[in-house]
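Protein chains in written order, with my numbering: chain A, -19 to 343; chain B, 101 to 116. All C-beta atoms in this analysis are idealised placements derived from N, C-alpha and C, irrespective of residue type, glycine included.
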């Protein structure tokens, strides 16, 4: 049952090449996924601004369009307004806790350093030990890193709060039961005559294609994330044959071989979306001309647009708030370790100081 | 992502 603990051990050159390769891979994956997500956000934004698909579903003009009902259901299933209300309420407390831990840690250092400086000025050359100022430099650098990270988090909190405040009303409406949701949407003259028209059918098929593209994108994201390829053997072979590793050449070649197919499919997916969206915009103009435009219809359309945008914002808000909560909790653990280091070194310095004072008084 | 990464802080720790 012997297991070789050192089975995975490799020469340092291999380890360094592997970590650079993994960084390249992570960058490639993150960039590709970010492009897809940005494209989906853009697509949702365009549809919301055109009040699609609600506009072409809106047969009666006084009932909730199907897509809005689905969006309402999706929001409610994720916990509705209570979820984001609670998460946004917790953020300031999480931030404050982290700040307090950091401030307290640095306070330990400040107090001991001040005492050390006083004794140095009092005993001068007889105060023979490394100044605390010198000793604490690395910890203070680490402390300022934490400060920077917290400042960035505060900026992120502000973005989330602004999005929450601007979208909360629409989200709250989406969370209502259907009857109340319907009451919250101004009614307007029905667009019944439009239903059979060619432009509505064109819009419906274009929207269906768009849904397909978004589904394909989700699949692509999963596929890209699930690819696994170990470069160790390739690097070991190169080291054995050539005595050195041309990491960049090997990595770029392998990344292209493993991910090239996916990035091409992603590019085709994004290009297809652009074509469809421009077709949708053309068809929508035609649809708008044919539709009776009156104040009630415009008001109704505005509310439907807000609700669609509210749904998209809700999905993003929940993700941002969960990310922020996890960030603060993870940071707290790191800060508690930092605090432990500060109090340990200060304790040691105090002990040393007391002994030095005793010696001085005796001498 | 909206929030800063904590990886650098963890790496600091490993290096120290």
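Within-8 Å CB hit, residue i to chain B
i, result
"residue 164(A)", "no"
"residue 316(A)", "no"
"residue 304(A)", "yes"
"residue 139(A)", "yes"
"residue 31(A)", "no"
"residue 310(A)", "yes"
"residue 300(A)", "yes"
"residue 125(A)", "yes"
Interface residues of chain B facing residue i [CB-CB closer than 9 Å]
i, result
"residue 132(A)", "103 and 104"
C-beta contact flag for residue i and residue j at 8 Å
i, j, result
"residue 194(A)", "residue 28(A)", "no"
"residue 147(A)", "residue 304(A)", "no"
"residue 44(A)", "residue 162(A)", "yes"
"residue 301(A)", "residue 179(A)", "no"
"residue 311(A)", "residue 15(A)", "no"
"residue 164(A)", "residue 156(A)", "yes"
"residue 8(A)", "residue 235(A)", "yes"
"residue 280(A)", "residue 168(A)", "yes"
"residue 200(A)", "residue 218(A)", "no"
"residue 186(A)", "residue 263(A)", "yes"
"residue 34(A)", "residue 47(A)", "yes"
"residue 322(A)", "residue 119(A)", "yes"
"residue 242(A)", "residue 74(A)", "no"
"residue 190(A)", "residue 261(A)", "no"
"residue 160(A)", "residue 49(A)", "no"
"residue 402(A)", "residue -6(A)", "No answer is possible for residue 402(A): it lies beyond the span of chain A, which begins at -19 and ends at 343."
"residue 20(A)", "residue 248(A)", "no"
"residue 115(A)", "residue 79(A)", "no"
"residue 36(A)", "residue 184(A)", "yes"
"residue 23(A)", "residue 295(A)", "no"
Contact list for residue i against chain B, beta-carbon separation under 7 Å
i, result
"residue 358(A)", "Residue 358(A) falls outside the range modelled here, since chain A spans only -19 to 343, and no answer is possible."
"residue 24(A)", "Here the premise fails: no neighbours, minimum Cβ distance about 18 Å."
Cβ neighbours of residue i in the same chain (closer than 6 Å, five flanking residues each side left out)
i, result
"residue 209(A)", "238"
"residue -3(A)", "215, 225 and 227"
Integer Cβ distance of residue i from residue j, believed to fall under 8 Å
i, j, result
"residue 106(B)", "residue 314(A)", "7 Å"
"residue 58(A)", "residue 298(A)", "6 Å"
"residue 318(A)", "residue 85(A)", "6 Å"
"residue 82(A)", "residue 326(A)", "At roughly 15 Å, the Cβ-Cβ gap does not stay under 8 Å, so residue 82(A) and residue 326(A) are not in contact."
"residue 287(A)", "residue 153(A)", "6 Å"
"residue 316(A)", "residue 103(A)", "Not a contact, Cβ separation roughly 35 Å."
"residue 109(B)", "residue 125(A)", "6 Å"
Partners in chain B for residue i, counting only beta-carbon separations shorter than 8 Å
i, result
"residue 129(A)", "104, 106 and 109"
"residue 307(A)", "103, 104 and 106"
Close-in-space but distant-in-sequence residues of the same chain around residue i (CB under 7 Å, 5 per side omitted)
i, result
"residue 259(A)", "186"
"residue 92(A)", "112, 326, 329 and 330"
"residue 54(A)", "291"
Other residues of its chain near residue i: CB distance less than 8 Å, five sequence neighbours each side excluded
i, result
"residue 100(A)", "107 and 111"
"residue 12(A)", "204, 239, 242, 243 and 246"
"residue 134(A)", "75"
"residue 77(A)", "308 and 312"
Residue i: CB within 7 Å of a non-hydrogen atom of the ligand ADP
i, result
"residue 132(A)", "What this structure holds is no ligand at all, so the ligand ADP is not there to describe."
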